[in-house]
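Some notes on the structure that comes next.
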Amino acid sequence: MELQARIIDVDYVVEDNEVVLRLFAKTEQGENLLVHEKNFLPYFYAVPEEEEDAETLEEKINEKEFHRDDGEPLEIVETDLKEKIDGTEEIEVVKISTKVPPDVPKLKSKIYDMPEVSHCREYDIPFYKRFLIDKQALPTEKIRFEGENFEAEGFDYALELEDLEILENNEEKPDFEKLAFDLEVIDDEIIMCSFYSENFEKVLSTVEIDEDFVETVEDEKRLLERFLEIVEERNVDVLTGYNTDEFDFDVLRDRVQHHGMELSLGRNGERMKFNRRGRFAGARLKGRMHLDLYPFISHVVSPGLESETLDLDSVAEEMLGRNKDDVSFEQMEEWWREKENLEEFARYALKDSELAYELSDELVPQIIELSRITGLTPFDACRLTYGQLTENFLLKEAFRENILAPNRPTRNERRRRGNQGAYEGGFVYTPESGLHEDICVFDFRSLYPTVMVAHNISPETLNLESCDDKFELEEFDFYFCQDEQGFFPELIEGLVESRYRLKDEMYEVEEGSREYERIYSRQQAQKILANSFYGYLGYDGARWYSKESAQATTYMGRKYIEDTIETAEEMGFEITYGDTDSVFLKGDEIKERKDDFLDKVNSELPEFMELEFEGYFTRGFFTSTESGQGAKKKYALIDEDGEMKITGFEQVRRDWSSIAKDTQKQVLRKVLENKVDEAVEIVKYTIERLQSGDLPLDDLKIYTTLTKPPEEYGSTSPHVEAAKKAMDRGDDVSPETTIDYVITRGGGSISSRAEMTKYAGSYDADYYIDNQVLPACIRVLKVFGYTGDQLKGKGKQSGLGRFQ
DNA sequence: CTTGACCGGGG
DNA sequence: GTGTACGGTCAAG
0 MELQARIIDV
10 DYVVEDNEVV
20 LRLFAKTEQG
30 ENLLVHEKNF
40 LPYFYAVPEE
50 EEDAETLEEK
60 INEKEFHRDD
70 GEPLEIVETD
80 LKEKIDGTEE
90 IEVVKISTKV
100 PPDVPKLKSK
110 IYDMPEVSHC
120 REYDIPFYKR
130 FLIDKQALPT
140 EKIRFEGENF
150 EAEGFDYALE
160 LEDLEILENN
170 EEKPDFEKLA
180 FDLEVIDDEI
190 IMCSFYSENF
200 EKVLSTVEID
210 EDFVETVEDE
220 KRLLERFLEI
230 VEERNVDVLT
240 GYNTDEFDFD
250 VLRDRVQHHG
260 MELSLGRNGE
270 RMKFNRRGRF
280 AGARLKGRMH
290 LDLYPFISHV
300 VSPGLESETL
310 DLDSVAEEML
320 GRNKDDVSFE
330 QMEEWWREKE
340 NLEEFARYAL
350 KDSELAYELS
360 DELVPQIIEL
370 SRITGLTPFD
380 ACRLTYGQLT
390 ENFLLKEAFR
400 ENILAPNRPT
410 RNERRRRGNQ
420 GAYEGGFVYT
430 PESGLHEDIC
440 VFDFRSLYPT
450 VMVAHNISPE
460 TLNLESCDDK
470 FELEEFDFYF
480 CQDEQGFFPE
490 LIEGLVESRY
500 RLKDEMYEVE
510 EGSREYERIY
520 SRQQAQKILA
530 NSFYGYLGYD
540 GARWYSKESA
550 QATTYMGRKY
560 IEDTIETAEE
570 MGFEITYGDT
580 DSVFLKGDEI
590 KERKDDFLDK
600 VNSELPEFME
610 LEFEGYFTRG
620 FFTSTESGQG
630 AKKKYALIDE
640 DGEMKITGFE
650 QVRRDWSSIA
660 KDTQKQVLRK
670 VLENKVDEAV
680 EIVKYTIERL
690 QSGDLPLDDL
700 KIYTTLTKPP
710 EEYGSTSPHV
720 EAAKKAMDRG
730 DDVSPETTID
740 YVITRGGGSI
750 SSRAEMTKYA
760 GSYDADYYID
770 NQVLPACIRV
780 LKVFGYTGDQ
790 LKGKGKQSGL
800 GRFQ
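In numbering that gives the first Met the number 0, the protein residues as written are 0 to 803.
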């Protein structure tokens, strides 16, 4: 039988000491296909000692017998000699294939003990990944499968693989059935579960609610049954949500167990399993893609977001332009307790899956593209960090180029790398604090990637012996050989050029069309990867670690930005600010002469590097440090449309009360509108309102999450003290509770006066003035000569008589 | 300045 | 699972 389908998930099972790879795939018609592959074997490489030759080593390995520690034989199925590239050298290695994947690390340590063996390589690459890389059978690409068919429960087709062919026609965007969900939990019980998909919205509720999207179920057990049915009935390929790994699936597992049920969500009815990986556990559903958006956002998306908190509402606000209409958990609890406003409760429940669904519309295609580029399953691609995504891309590309991957550093080696100390980063120009007008911002397009290409910076071109053309860095005693393009520059150039082509194509198709979305996601994934190489080279857990390469990259980056500043000065422009890859130039003229400036800079840059115009801002505000100098990385800009861009101010952090954050934001806006007097008035008014004592406590709440039972904390901090006091009143305060507290009036330390908001009868106006509102606002207004005392009205600042 | 504890998202 | 992987902030030392 022959079928065309796209792989969406892979794993393996061991049956009678034989390994079977299971490829879960979808046909274009939406049918489910299971492919068994029994001919692909796990393997690793042994590198002979220098004086040994690989052929003799192979013979010696074949003569020997190996055993596990428990005495069981470790069978070698076959050995092969392979020519591989190690750095820039060609070496001959022995490829050793085993019966089952877990034998690889065991056999590797036995082989490593042989005196003829220098070391082993590629012994820790997960088996499914090895298969995808070696066959270049990347997830979600269209593949023709050929084999003998067999019956398998839960699948439309199942076949034992004989042959596969990667099909050229991969341009269509695959169509997957997607479903977002979200649980509402009160007192450790699931009371509602919402679902959202195209033309589908539903809330399962354990109480009667009169809304047409609500399906009332008799109890939690029935809710869980319906959950399983809905995933099954809708033939879900992509199950998504927000923080579903750490919360929803954790709850689901407990509650399903409580009711003596099974969380059989796999395509074949297999149970959900947590895949532990370091700090995180991913909830894995065999044959479906469970893509939790939170890890992807926190690892990959957040560097490009302005929002400092990554809660669903903030992220949706920034990415989707949705209004933030958060209801507090306490509010929801109260509605539930009092059984009031349940219609609204249900709408909120639904809103969370809807937001997750809409985010997934943009993010799932990106995750899928990253999975294709890196050869990881979408499940992994959405949970790995930048460094790990990069490394998997490198592993896949290394295989294509017959390059032997370096080993991962040992714990000791990591520590050694970590202790080497930091190297210098980007150049930051010290701004003059205060208000600046008419600012043009320029930045380098992908500065670090293009620097690496321009100077052939790569781990294996570093200090290459027998080199004709050396790029030497004055500051350091190392060089990069320019004779042949290195591994990293080659990959970067490939990604960047492919991205340009895609962007050209993107402008030719209709915005918002499926084709547009596909191209957009692909170029976005390429951008993510291209920008990750520099950080990867300096990441102490990297296989291709090269501190020198990272150092040289930032060094050259500094040089280019400094040269740019010099050019600007020569052309008579005033520099306002600059950070790593950007320069801010001031003055009327620059707006008209910006193209001359760009032309001059770009004509002096190496090919591939480019300075671009980023935007024009009517005003910019720069704050100052303690010593009165202009502060770096803390500024706010406003454009002609009144849009603010705030960098570095901590006004969105949740451990600040909203009164402090809101006031700071208003002050920044007034300052940017050149209305400092009004800014001062806002602060004074806020202080007055605080002093009057009748501000709602909601404006004064500070949030912090408890991570363990309050009694286990060694140190005292306000949120812990507040939690302890709530417990004394009989509250059940468990770990993972977000404590919202208010500092109340009275004597003693700040911590001793912290009370959870619901128990706080008063607030300490002085605390909020001195520790919250003033520090946030003084950060801005000190630049204009204001002190805390003046803002409090104690000073002689005039013109605002009624506040004195 | 360095070191160690804490925290994130979710309800 | 061919396992055991974060990164930033802040108070204390």
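Just so it is clear, CB atoms sit at the ideal spot from N, CA and C, and this is done for glycine as well.
Predicted model only: the values in this text are computed from it and were never measured.
Around the beta carbon of residue 500, fewer than 16 other beta carbons lie within 10 angstroms, which makes this residue exposed. Sorting 520, 280 and 481 by C-alpha distance to the C-alpha of residue 504 places 520 at the top. The alpha-carbon of residue 102 is positioned some 13 Å away from that of residue 124. Between the segment 222-233 and the segment 366-373 there are fewer than three C-beta pairs closer than 8 Å, too few to call the two in contact. Looking only at 141, 47, 279 and 144, the smallest Cα-Cα distance to residue 115 is reached by 47. C-alpha of residue 54 to C-alpha of residue 80: approximately 7 Å in a straight line. In this structure, the straight-line span from the alpha carbon of residue 783 to that of residue 430 is close to 15 Å.
Ranked by Cα distance from residue 478, the options 451, 636 and 581 are led by 451. The beta carbons of residue 22 and residue 136 sit closer together than 9 Å.
Going by C-alpha positions, residue 728 is about 26 Å away from residue 655. Put simply, the backbone Cα of residue 482 is about 30 Å away from that of residue 426. Annotated three-state conformation of residue 755 is strand, per DSSP. By the Cβ rule, the segment 737-750 counts as touching the segment 719-727, because three or more pairs are nearer than 8 Å. Boundaries for residue 195: no alpha helix (DSSP H) harbours it, while the beta strand (DSSP E) harbouring it runs 188-196, taken from the DSSP string. As the crow flies, the alpha-carbon of residue 328 is around 21 Å from that of residue 201. If you draw a straight line from the Cα of residue 377 to the Cα of residue 307, it comes to about 26 Å.
A distance of 9 Å or more separates the beta carbons of residue 319 and residue 154.
It is roughly 25 Å from the alpha-carbon of residue 464 to the alpha-carbon of residue 535. Residue range 328-337 is occupied by the alpha helix (DSSP H) that includes residue 328. Distance from the CA of residue 441 to the CA of residue 523, rounded to the nearest whole angstrom, comes to 21 Å. For residue 72, the three-state secondary structure derived from DSSP is strand.
Taking 9 Å as the cut-off, the Cβ atoms of residue 67 and residue 98 do not count as close. Taking C-beta atoms as the reference points, residue 270 and residue 287 fail to come closer than 9 Å.
The beta carbon of residue 185 sits closer than 7 Å to the beta carbons of 332 and 335 from its chain, once the five residues preceding and following it are set aside; these are given in chain order. Runs of the alpha helix (DSSP H) lying entirely within the segment 49-107, each at least 4 residues long, are 53-62 in chain order. For residue 125, there is no enclosing beta strand (DSSP E), as DSSP gives it neither H nor E. If you draw a straight line from the Cα of residue 531 to the Cα of residue 511, it comes to about 28 Å. In the DSSP annotation of this structure, the continuous segment of the beta strand (DSSP E) that includes residue 635 starts and ends at 629-637. Sequence-distant Cβ neighbours of residue 777 in its own chain, meaning closer than 8 Å and more than five residues away, are 785, 786, 787 and 790. By the criterion of at least three beta-carbon pairs nearer than 8 Å, the segment 5-22 is in contact with the segment 129-143. Checking the DSSP bridge columns, you'll see residue 148 partnered with 158. A distance below 8 Å between beta-carbons, with the five flanking residues on each side excluded, links residue 474 to the following residues of its chain, in chain order: 554.
Distances from the alpha-carbon of residue 108 to those of 149, 65 and 134 put 65 closest. Residue 240 sits buried, since 16 or more C-beta atoms from the chains shown fall within 10 Å of its C-beta.
If you check the CB distance, residue 292 and residue 235 do not come in under 9 Å.
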